[in-house]
Amino acid sequence: MNIKAISRTLLIVIVVVIIAVAGIAGYLLSTSQQAPPKATISVYVGHAGGSGDQSQLYWIVMPENQTFKVGDRIKIVFNNNYTFPSLHGFQIMDPNGNQIASLSAGLNGKAETVITLSVAGTYKINCLYLCGPWHGEQGKMQGVTLLEASS
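In structure tokens, the structure reads:
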């Protein structure tokens, strides 16, 4: 038996185990420090009449008129429950007009994300896929209030 070879192998194993344990501990610490979302807001596609490309759609935000504090984490869930077109999606804009997230889902699909409210003001959603000429209507598919953030 070569004691030197066994000692070297044992040292390598110990170093690898220490690195693995440190990596796992670091990961667990980094993920556990984020606060859970304060609330969940769901977004759906609504239908106001017509069919096909003449369909008049709008965003439904539930619950609506929610106000949170800057720094809160909010879970946004999108359920695509409408058939025309089969793909729907929206972008989330902060009060400064910066896109902070986007969600898309196919027919009967679901997508979700968690956003952190970084500034006070109104967070809005805008449609990503313009499937009709009326899509520019404020308050229906563009510029829909998602939530408010106060400082």
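Here the sequence shown is numbered in this note's numbering, starting from 502 and rising by one per residue. Backbone N, C-alpha and C fix where the C-beta goes; we use that ideal spot for every residue, glycine too. None of the values given here were measured: they were computed from a predicted structure.
Nearest-angstrom Cα distance between residue i and residue j?
i	j	result
N581	I626	15 Å
L588	G598	24 Å
L648	A602	14 Å
G607	A506	59 Å
R574	T623	15 Å
P586	W560	14 Å
S556	L529	48 Å
L558	G524	48 Å
V615	P538	7 Å
S652	F591	26 Å
A526	Q535	15 Å
I515	I593	48 Å
V645	I513	58 Å
S552	M563	24 Å
T568	A650	6 Å
R509	L604	52 Å
T584	N566	27 Å
Determine the DSSP secondary structure at residue i, reduced to helix, strand or coil.
i	result
Y630	coil
A612	strand
T584	coil
Bridge partners of residue i, per DSSP?
i	result
Y624	L648
S605	G590
Q639	Q643
Q600	M594
L543	Per the sequence shown, the amino acid found at residue 543 is Ser instead of Leu. Its beta-bridge partners are M563, V578.
L558	H548
T617	R574
Pop quiz: residue i and residue j are said to be a contact at Cβ under 8 Å. What is the actual Cβ separation, rounded to whole angstroms?
i	j	result
P596	A621	7 Å
T541	K576	4 Å
| So, do the region 547 to 557 and the region 520 to 530 have three or more beta carbon pairs nearer to each other than 8 Å? | no
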